[in-house]
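Engineer: Respectively, the protein sequence lines represent chains A and B. Heads up: the first sequence is residues 1 to 114, going by my numbering. Heads up: the second sequence is residues 1 to 109, going by my numbering.
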Amino acid sequence: DSGVTQTPKHLITATGQRVTLRCSPRSGDLSVYWYQQSLDQGLQFLIQYYNGEERAKGNILERFSAQQFPDLHSELNLSSLELGDSALYFCASSVEGGTGRQVFFGQGTRLTVV
Amino acid sequence: ILNVEQSPQSLHVQEGDSTNFTCSFPSSNFYALHWYRWETAKSPEALFVMTLNGDEKKKGRISATLNTKEGYSYLYIKGSQPEDSATYLCALFNNDMRFGAGTRLTVKP
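(1) Return yes when the Cβ of residue 37(A) is within less than 9 Å of the Cβ of residue 108(A), no when it is not.
(2) Determine contact between the region 1 to 10 of chain A and the region 46 to 58 of chain A, defined as no fewer than three beta-carbon pairs at a distance below 8 Å.
(3) Distance check for residue 22(A) and residue 85(A), CA to CA, integer angstroms please.
(4) By how many angstroms is the C-alpha of residue 73(B) removed from the C-alpha of residue 7(B)?
(5) Measure the alpha-carbon distance for residue 28(B) versus residue 101(B) and round it to whole angstroms.
(6) Please state if the CB of residue 87(A) and the CB of residue 111(A) are separated by a distance shorter than 9 Å.
(7) Whole angstroms are fine: how far does the CA of residue 27(A) sit from the CA of residue 78(B)?
(8) Give the C-beta separation of residue 32(B) and residue 49(B) to the nearest angstrom, bearing in mind that I take them to be a contact with Cβ-Cβ under 8 Å.
(9) Are the C-beta atoms of residue 67(A) and some chain B residue less than 9 Å apart?
(10) Could you give the distance in angstroms between the alpha-carbon of residue 70(A) and the alpha-carbon of residue 109(B)?
(11) DSSP on residue 83(A), reduced to helix/strand/coil?
(12) Measuring alpha carbon to alpha carbon, tell me which of 14(B), 91(B), 26(B) ends up nearest residue 101(A).
(13) Using 9 Å as the limit for Cβ to Cβ distance, is residue 3(B) near chain A?
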């Protein structure tokens, strides 16, 4: 158990809908990262937060947004869902945002858009 | 954005074989290089965090080296076992963390 908790584990929804994925980082970790893994693709970096502030942005669509709350949990909001958004979404956390400390991954949320 | 390349894409070896794969990057402008082991249906598990040119890390039968001057890191597995079968990911940690596509290792009994 990495200590990073993601909910829900599985999510099935229809095209055009909006969903929220939740991540609770390890206790004490200030930095949260979101990644998307689509079929046969690697881990694509979406966005990173550090202590409530957006730190870095990757290949995140405009239909997607995220935030990190004062208690450091993070939510990834996916709207106007398309079939191609079906993927495994990972959250990861680390103590610091820019010094290369070990990063721990959650178990992922598998999103299926039908 | 630093592009991380991993090779080979996949590798099939027999139990007992030693193997290695490569992570290459165009610039040494990053804080750290991470290696992860990712088994199907699980989350990526950290193996090594390497920061300095010439770093060598070892964990059991797995070891890694980092050469920032020539832009590569090697991951070695000695005496591969079927349980080593997984995808091995390399990532560069700068202000964010970017992953390579991984090397999928299959070890046949």
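Glycine included, each C-beta is placed from N, C-alpha and C at the ideal position. Nothing here was measured: the structure is a model prediction, and the numbers come from that model.
Structural biologist: Taking the geometry as given:
(1) Against a cut-off of 9 Å, the Cβ pair of residue 37(A) and residue 108(A) comes out as a contact.
(2) No contact exists between the region 1 to 10 of chain A and the region 46 to 58 of chain A.
(3) About 17 Å.
(4) Residue 7(B) and residue 73(B) have their C-alpha atoms roughly 11 Å apart.
(5) So the alpha carbons of these two residues sit roughly 19 Å apart.
(6) Contact: yes.
(7) Those two C-alpha atoms are separated by around 35 Å.
(8) Yes, they are in contact, since the Cβ atoms of residue 32(B) and residue 49(B) sit about 5 Å apart, within 8 Å.
(9) Judged by the 9 Å Cβ criterion, residue 67(A) is not in contact with chain B.
(10) Distance between the alpha carbons of residue 70(A) and residue 109(B) is about 50 Å.
(11) Secondary structure of residue 83(A) (DSSP, three-state): helix.
(12) For residue 101(A), the closest C-alpha among the options 14(B), 91(B), 26(B) is that of 91(B).
(13) So, not an interface residue.
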